[in-house]
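Colleague:
2 protein chains.
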Amino acid sequence: MQSNPRILAFDPGYERLGVAVLQKEGGKEVLLHSDCVRTSATLSFPERLGVLGAATEALIAQWQPQAVALEDVYFAKNAKTAMQVAEVRGMLSYLAISHQLALFQYTPLQVKVAITGYGQSDKSAVSMMVLRLLGLHTLPSGKRTLDDEMDAIAVGLTCLASIRLGQ
Amino acid sequence: MQSNPRILAFDPGYERLGVAVLQKEGGKEVLLHSDCVRTSATLSFPERLGVLGAATEALIAQWQPQAVALEDVYFAKNAKTAMQVAEVRGMLSYLAISHQLALFQYTPLQVKVAITGYGQSDKSAVSMMVLRLLGLHTLPSGKRTLDDEMDAIAVGLTCLASIRLGQ
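For the record, the sequence lines run as chains A and B.
With my numbering applied, the first sequence corresponds to residues 1 to 167, in that order.
With my numbering applied, the second sequence corresponds to residues 168 to 334, in that order.
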């Protein structure tokens, strides 16, 4: 992989898919794009997968990333929800592999430690450090930032930090 | 969908993916193809998804099905295994949707009832009825039949029966 890979990062979900595109430029982490892709509750679950997969393919085509980073959660309060999020993760993993992109997965704990240095950080501490690392006061999208979008950015920053450390 | 759709059926798994292609011809269920796609334990999980997805894309290209049928299990003894099977199922669902194929999912109970008329049937009873429905003594592949291959055929027969009943 080239030394400054462009990362397409996800916080996987089927109602809301957080996405972010990041790359190091001049030694600094730069956020090129972030969004929260939503799917209508009127769609069936496979139709939602279709919407999210098409959005992912469009992001890969537009941003030409070298790597994909996913948040990887193997538990949830609700078993069916956990399974459906796993289905989204499987689809995203396959889209990465089938486009010959490197694939990295991080647990929520790894993300918290990479961003704040502390595994028990709450969401607001992670968000504050994400903005600080990017040298931003608010996200450029100007929207009220959704957790999913912020989480995807945190996953992307974790990936940039991990690649730098050769992990 | 045309009145006699060709079905690509799966018993999803990441070590072994059971696959079957079935279609009604002259009012009779015909098995056109069945196999068990295996992945090496030396591969990472995403690499295994890559192998299984490529095999699925090749099956879609070769057999040109109109519908995909999956066995849909939302529990397992081991939570991590259940999640990884869910990742395979998400990938298969997305490949169906992205190829504009109809997608049908059946629980193990629905498959047992469709094949044997009884929800508590054991595997040998299901296998025996599968062969009887197909008018076969053994599977044409001639191999020692793996459970996964037989399960995929049972899912495909369930789909043919459900479509016939307009379910």
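In this text, a Cβ means the ideal position worked out from N, Cα and C, and glycines have one as well.
Terminal residues of the continuous alpha helix (DSSP H) containing Gly50/A?
Modeller: 45-63 is the extent of the alpha helix (DSSP H) around Gly50/A.
Colleague: According to DSSP, is Gln334/B helix, strand or coil?
Modeller: Note that Gln334/B has pLDDT 47, beneath the 50 cutoff, so the model's placement of it is unreliable and the number below is only indicative. Looking at Gln334/B - three-state DSSP - the assignment turns out to be coil, as it is neither helix nor strand.
Colleague: Inspect the beta-carbon positions of Glu254/B and Ala152/A and report whether they are closer than 8 Å.
Modeller: Going by C-beta atoms, Glu254/B is not nearer than 8 Å to Ala152/A.
Colleague: Using a cut-off of 9 Å between C-beta atoms, extract the partners of Pro5/A located in chain B.
Modeller: Within chain B, no residue comes near Pro5/A; the closest Cβ sits about 17 Å away, beyond 9 Å.
Colleague: Short check: CB of Tyr14/A to CB of Met258/B, under 8 Å?
Modeller: No.
Colleague: Using the Cα positions of Leu101/A and Asp72/A, report the straight-line distance between them to the nearest angstrom.
Modeller: Distance between the alpha carbons of Leu101/A and Asp72/A: 17 Å.
Colleague: In chain order, what residues of the same chain have a beta carbon less than 8 Å from the beta carbon of Val21/A, not counting five sequence neighbours either side?
Modeller: Correct list, in chain order: Arg6, Ile7, Leu8, Ala9, Leu31, Leu32, His33, Ser34, Leu59, Trp63, Pro65, Gly156.
Colleague: Output yes if chain B places a C-beta closer than 8 Å to the C-beta of Leu103/A; else output no.
Modeller: Chain B contact via Cβ: present.
Colleague: Rounding to the nearest angstrom, what Cα-Cα distance links Thr39/A and Met295/B in this structure?
Modeller: In a straight line, the C-alpha of Thr39/A is about 43 Å away from that of Met295/B.
Colleague: With a CB to CB cut of under 6 Å and the five nearest residues on each side skipped, what residues in its chain are close to Ser288/B?
Modeller: Lys279.
Colleague: With DSSP as the reference, label Asp35/A as helix, strand or coil.
Modeller: The answer is strand: DSSP assigns Asp35/A an E or B state.
Colleague: Excluding the 5 residues flanking Ser329/B on each side, which residues of the same chain have their C-beta closer than 6 Å to its C-beta?
Modeller: Closer than 6 Å at Cβ, skipping near neighbours: no residue.
Colleague: Determine the closest residue to Val204/B out of Ala221/B, Lys195/B, Gly194/B, Pro213/B, with distance taken between C-alpha atoms.
Modeller: Of the listed residues, the one whose Cα sits closest to Val204/B is Ala221/B.
Colleague: May I ask which residues mark the beginning and end of the alpha helix (DSSP H) holding Tyr261/B?
Modeller: Per DSSP, Tyr261/B belongs to the alpha helix (DSSP H) from 246-265.
Colleague: For Ala86/A, return the contacting residues in chain B, with the cut-off set at a CB-CB distance below 9 Å.
Modeller: Near Ala86/A (Cβ distances below 9 Å), the residues of chain B are Ala249, Met250, Gln251, Val252, Ala253, Glu254, Arg256, Gly257.
Colleague: Cα separation between Leu109/A and Leu219/B?
Modeller: Distance between the alpha carbons of Leu109/A and Leu219/B is about 30 Å.
Colleague: As an exercise, report each continuous beta strand (DSSP E) stretch of at least 3 residues that is fully enclosed by the region 269-318 of chain B, in chain order.
Modeller: Within the region 269-318 of chain B, the complete beta strand (DSSP E) runs of at least 3 residues are 269-273.
Colleague: Taking the beta strand (DSSP E) that Asp11/A falls in, what are its first and last residues?
Modeller: First-last of the beta strand (DSSP E) with Asp11/A: 7-11.
Colleague: Residues in the same chain with beta-carbon distance under 7 Å from Gln105/A, minus the five sequence neighbours each way, listed in chain order, please.
Modeller: Answer for Gln105/A: Leu70, Asp72, listed in chain order.
Colleague: On the premise that Thr158/A lies in contact with Ala114/A, defined as a C-beta separation below 8 Å, what is that separation, rounded to the nearest angstrom?
Modeller: With 8 Å as the limit, Ala114/A and Thr158/A qualify as a contact, their Cβ atoms being about 4 Å apart.
Colleague: Taking Leu216/B as the reference, give the member of Gly27/A, Thr81/A, Leu146/A, Leu103/A with the closest Cα.
Modeller: Comparing Cα positions, the closest option is Leu103/A.
Colleague: Given this structure, state the Cα-to-Cα distance separating Thr248/B from Leu210/B, to the nearest angstrom.
Modeller: Going from the Cα of Thr248/B to the Cα of Leu210/B covers about 16 Å.
Colleague: Determine the contact status of Arg16/A and Leu139/A, defining contact as a CB-CB distance below 8 Å.
Modeller: Contact: no.
Colleague: Select from Glu47/A, Ala154/A, Glu57/A, Lys24/A the residue whose C-alpha is nearest the C-alpha of Thr107/A.
Modeller: Measuring from the Cα of Thr107/A, the nearest candidate turns out to be Ala154/A.
Colleague: In the structure shown, what three-state DSSP assignment does Val240/B receive?
Modeller: Here Val240/B sits in coil by DSSP.
Colleague: Tell whether a beta-carbon distance below 8 Å holds between Leu327/B and Glu196/B.
Modeller: Yes; because the gap between Cβ atoms is below 8 Å, this pair is in contact.
Colleague: Per DSSP, what kind of secondary structure is Gly185/B in: helix, strand or coil?
Modeller: Three-state result, Gly185/B: strand.
Colleague: Quick one: what's got a C-beta closer than 7 Å to Thr56/A's C-beta in the same chain, skipping five residues either side?
Modeller: So the qualifying residues of the chain are Leu92, Leu95.
Colleague: Grouping DSSP H, G and I as helix and E and B as strand, with all else coil, what is Ala41/A?
Modeller: DSSP places Ala41/A in coil when its eight states are reduced to three.
Colleague: Consider the Cβ of Pro275/B: report whether some Cβ of chain A lies at a distance smaller than 8 Å.
Modeller: It does not; no Cβ of chain A falls within 8 Å.
Colleague: Can you confirm whether Leu184/B, when its beta carbon is compared against all beta carbons of chain A, has any partner nearer than 8 Å?
Modeller: Not closer than 8 Å to any Cβ of chain A, the Cβ of Leu184/B fails to qualify, so no.
Colleague: Looking at Arg89/A: is its Cβ nearer than 8 Å to the Cβ of Pro12/A?
Modeller: Yes. Within cutoff.
Colleague: Could you tell me which of Val68/A, Glu47/A, Val126/A, Ala61/A sits nearest to Gln23/A, measuring between CA atoms?
Modeller: Looking at the Cα atoms, Val68/A is the closest of the given residues.
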